[in-house]
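K.L.:
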């Protein structure tokens, strides 16, 4: 009874001023919240836009935390890979949601953008070690410490985003990279979501990769050519999914052995043709032994093709940008060395260490 009287008293004693239309439009444009929520905010703030904006953010945060708690156990297997490179620092992150529809949403992509930019800032704080390339996968505690736009806590921004989008959102993993030599470069790339991939960072997609490579003294490529080569190598990693770089000396030896084998085969064919010409009948008859050797050669060639398809060493793979040559040939001709690479696929199981 008392609560009803108090409610009635508050209702009749607090004046309800009309909402200013211009203030309503301004608040709606600045925050993106529904008109009904903006109206409530202005009513509670006496048409003061700044106070109303603060009220909205506080309410959104409360509702976001509540919503986040409700959806926390729901499966989030969709989402984006985000990549950002800033000079000698880079990061790659996987941010998950429940549906592909939300993954394409501007609010979700803004959240992913804030995360990846904060991750690069984190990479810049990594200590300089004795290694040329420093890689660090952030654990749950490190990820929670990330400060996003305007210094906001990750979990607070996540709660706001969950409140707006209504889906569970999870920061699954973050990898930070730092290089400590001027000749070492980092290239990053994402296979885009439903559109052309961007060369501008940060970039987003279902697949992402980072490649570290160094230009040697004999490298004649200019700045743009080096960047394009880095992009091509990242695309190679995404498309062909190698598991290791491989050794350049092993590749060179394999190519030399292949060239010698080809030369020997051509010499053998010449001898076979010479024998055929000396045949008394003058016919280019193929002996049973020659047929058997031809069959063996075809079988061997088939095996080689299978080996090429399953080749997991990056240098030994066919170059995606030009399938007539191998990656190792491009590396040797360009006078660069590939130091390392990392590949993320959205939704893939995390590797067991």
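In our numbering, the protein residues as written are 5 to 357.
Note that the Cβ used here is the ideal one computed from N, Cα and C, for glycine as well.
Would residue 88 and residue 61 be called neighbours here (beta carbons separated by less than 8 Å)?
P.N.:
Here residue 88 corresponds to residue number 84 of the chain shown, with the count starting at 1. Here residue 61 corresponds to residue number 57 of the chain shown, with the count starting at 1. Cβ distance not < 8 Å, so residue 88 and residue 61 don't count as in contact.
K.L.:
Would you mind reading off the limits of the beta strand (DSSP E) that contains residue 174?
P.N.:
Along the chain shown, read from residue 1 onward, the residue named residue 174 stands at position 170. Residue 174 -> beta strand (DSSP E) spans 174 to 183.
K.L.:
Distance, Cα to Cα, residue 35 vs residue 57?
P.N.:
Locating residue 35 in the chain shown gives position 31, where the first residue counts as 1. Locating residue 57 in the chain shown gives position 53, where the first residue counts as 1. In a straight line, the C-alpha of residue 35 is about 7 Å away from that of residue 57.
K.L.:
Is residue 237 near residue 219, with beta carbons less than 8 Å apart?
P.N.:
Position 233 of the chain shown, counted from the first residue, corresponds to residue 237. Position 215 of the chain shown, counted from the first residue, corresponds to residue 219. Result no, Cβ atoms of residue 237 and residue 219 do not sit closer than 8 Å.
K.L.:
Please name the residue, chosen from 269, 160 and 210, that lies closest to residue 67 on a Cα-to-Cα basis.
P.N.:
Working through the chain shown from its first residue, we reach residue 67 at position 63. Residue 160 is the option with its Cα nearest to residue 67.
K.L.:
Mind checking whether residue 339 and residue 223 have CB atoms under 8 Å apart?
P.N.:
For the purposes of this step, residue 339 is identified with residue 335 of the chain shown, where counting begins at 1. For the purposes of this step, residue 223 is identified with residue 219 of the chain shown, where counting begins at 1. In this structure, residue 223 lies closer than 8 Å to residue 339 by Cβ.
K.L.:
Which of the three DSSP states is assigned to residue 165 in this structure?
P.N.:
On the chain shown, position 161 is the one that residue 165 refers to. Helix at residue 165.
K.L.:
When DSSP builds the beta bridges, which residues end up paired with residue 219?
P.N.:
As a working note, residue 219 is residue 215 in the chain shown. DSSP output for residue 219 lists 340 as bridge partner(s).
K.L.:
Bridge partners of residue 82, per DSSP?
P.N.:
Within the chain shown, residue 82 is the residue found at index 78, counting from 1. Note: residue 82 sits in a beta bridge opposite 101.
K.L.:
Please report the Cβ distance between residue 84 and residue 53, rounded to the nearest whole angstrom; I am assuming they are in contact, meaning their Cβ atoms lie under 8 Å.
P.N.:
Your numbering for residue 84 matches position 80 in the chain shown. Your numbering for residue 53 matches position 49 in the chain shown. That pair is no contact at about 33 Å.
K.L.:
Find out if the Cβ-Cβ distance for the pair residue 172, residue 258 is shorter than 8 Å.
P.N.:
Taking the chain shown and counting its residues from 1, the one referred to as residue 172 is at position 168. Taking the chain shown and counting its residues from 1, the one referred to as residue 258 is at position 254. No. Outside cutoff.
K.L.:
Please go through the same chain and pick out, in chain order, the residues whose beta-carbon is closer than 8 Å to the beta-carbon of residue 232, but skip the five residues on each side of it.
P.N.:
In the chain shown, counting from the first residue as 1, residue 232 sits at position 228. Same-chain partners within the cutoff: there are none.
K.L.:
If we count the other Cβ atoms within 10 Å of its Cβ and call it buried at 16 or more, is residue 117 buried or exposed?
P.N.:
On the chain shown, position 113 is the one that residue 117 refers to. Residue 117 is buried by the Cβ-count criterion.
K.L.:
Measuring CB atoms only, is the segment 153 to 169 touching the segment 101 to 118, in the sense that at least three cross pairs come out at less than 8 Å?
P.N.:
Yes: the two stretches touch, three or more of their Cβ pairs being nearer than 8 Å.
K.L.:
Could you give the distance in angstroms between the alpha-carbon of residue 128 and the alpha-carbon of residue 106?
P.N.:
As a working mapping, residue 128 is identified with position 124 in the chain shown. As a working mapping, residue 106 is identified with position 102 in the chain shown. For residue 128 and residue 106, the distance between alpha carbons rounds to 31 Å.
K.L.:
Using a Cβ-Cβ cut-off of 8 Å (strictly less than) and excluding sequence neighbours within five positions of residue 28, which residues of its own chain qualify?
P.N.:
Residue mapping note: residue 28 aligns to position 24 of the chain shown, counting from 1. Hits under 8 Å: 39, 42, 43 and 46.
K.L.:
What number of angstroms, rounded off, separates the C-alpha of residue 126 from the C-alpha of residue 180?
P.N.:
The residue labelled residue 126 in the question sits at position 122 within the chain shown. The residue labelled residue 180 in the question sits at position 176 within the chain shown. Those two C-alpha atoms are separated by around 8 Å.
K.L.:
Going by the beta-carbon positions, is the gap between residue 73 and residue 167 smaller than 8 Å?
P.N.:
Against the chain shown, residue 73 aligns to sequence position 69. Against the chain shown, residue 167 aligns to sequence position 163. No, these two residues do not count as a Cβ contact at 8 Å.
K.L.:
Under the rule that 16 or more other beta-carbon atoms within 10 Å means buried, what is residue 144, buried or exposed?
P.N.:
Reading the chain shown from its first residue, position 140 is the one you call residue 144. Exposed is the call here.
K.L.:
Going by beta carbon distance, what residues of the same chain come within less than 6 Å of residue 75, once the five residues before and after it are set aside?
P.N.:
Mapped onto the chain shown, residue 75 falls at position 71. Cβ within range, chain order: 172.
K.L.:
From the DSSP output, read off the bridge partner residues of residue 346.
P.N.:
Taking the first residue of the chain shown as 1, we reach residue 346 at position 342. Beta-bridge pairing links residue 346 to 214.
K.L.:
With 16 other CB atoms within 10 Å as the buried threshold, where does residue 352 fall?
P.N.:
Taking the first residue of the chain shown as 1, we reach residue 352 at position 348. When all chains shown are included, residue 352 counts as exposed.
K.L.:
Please classify residue 253: does DSSP put it in a helix, a strand, or coil?
P.N.:
Locating residue 253 in the chain shown gives position 249, where the first residue counts as 1. In this structure, residue 253 counts as helix in the three-state DSSP scheme.
K.L.:
Can you tell me whether residue 136 is helix, strand or coil according to DSSP?
P.N.:
Within the chain shown, residue 136 is the residue found at index 132, counting from 1. Residue 136: coil per DSSP, three-state reduction.
K.L.:
Mark residue 214 as exposed unless 16 or more other C-beta atoms lie within 10 angstroms of its C-beta, in which case mark it buried.
P.N.:
The residue labelled residue 214 in the question sits at position 210 within the chain shown. It is buried - the Cβ of residue 214 has at least 16 other Cβ atoms within 10 Å.
K.L.:
Span of the alpha helix (DSSP H) holding residue 326?
P.N.:
Taking the first residue of the chain shown as position 1, residue 326 is located at position 322. Unbroken run through residue 326 is the beta strand (DSSP E), 326 to 330; no alpha helix (DSSP H).
K.L.:
Can you round the beta-carbon distance between residue 343 and residue 216 to whole angstroms, since I take them to be within the 8 Å contact cut?
P.N.:
Here residue 343 is taken as the residue at index 339 of the chain shown, counted from 1. Here residue 216 is taken as the residue at index 212 of the chain shown, counted from 1. 4 Å between Cβ atoms; contact.
K.L.:
When you compare only the Cα positions, how much space is there between residue 254 and residue 319?
P.N.:
Here residue 254 refers to the residue found at position 250 of the chain shown. Here residue 319 refers to the residue found at position 315 of the chain shown. One C-alpha to the other measures close to 9 Å.
K.L.:
Secondary structure at residue 322, three-state DSSP: helix, strand or coil?
P.N.:
As a working note, residue 322 is residue 318 in the chain shown. Strand.
K.L.:
Do you know offhand how far residue 90's Cα is from residue 186's?
P.N.:
Locating residue 90 in the chain shown gives position 86, where the first residue counts as 1. Locating residue 186 in the chain shown gives position 182, where the first residue counts as 1. Between residue 90 and residue 186, the C-alpha separation is close to 13 Å.
K.L.:
Can you name the residues that DSSP bridges to residue 87?
P.N.:
The sequence position of residue 87 within the chain shown is 83, counting from 1. In the DSSP output, where bridge partners are listed per residue, residue 87 has 96 and 207.
K.L.:
Kindly indicate which residue of 141, 346 and 176 has the alpha-carbon position closest to the one of residue 241.
P.N.:
Indexing the chain shown from 1 puts residue 241 at position 237. Ranking 141, 346 and 176 by Cα distance to residue 241 puts 346 first.
K.L.:
Helix, strand or coil: how does DSSP classify residue 126 here?
P.N.:
What you label residue 126 is simply residue 122 of the chain shown in a count that begins at 1. Three-state result, residue 126: helix.
K.L.:
Taking the alpha carbon of residue 157 as the reference point, which residue from 193, 119 and 124 has its own alpha carbon closest?
P.N.:
Within the chain shown, numbered from 1, the residue matching residue 157 stands at position 153. It is 119 whose Cα lies nearest to the Cα of residue 157.
K.L.:
DSSP three-state label for residue 49, please.
P.N.:
As a first step, residue 49 must be located in the chain shown, where it is residue number 45. Residue 49 falls in the coil class under three-state DSSP.
K.L.:
Measure from the alpha carbon of residue 95 to the alpha carbon of each residue in 130, 109 and 249, then state which is nearest.
P.N.:
If you number the chain shown from 1, residue 95 lands on position 91. Comparing Cα positions, the closest option is 130.
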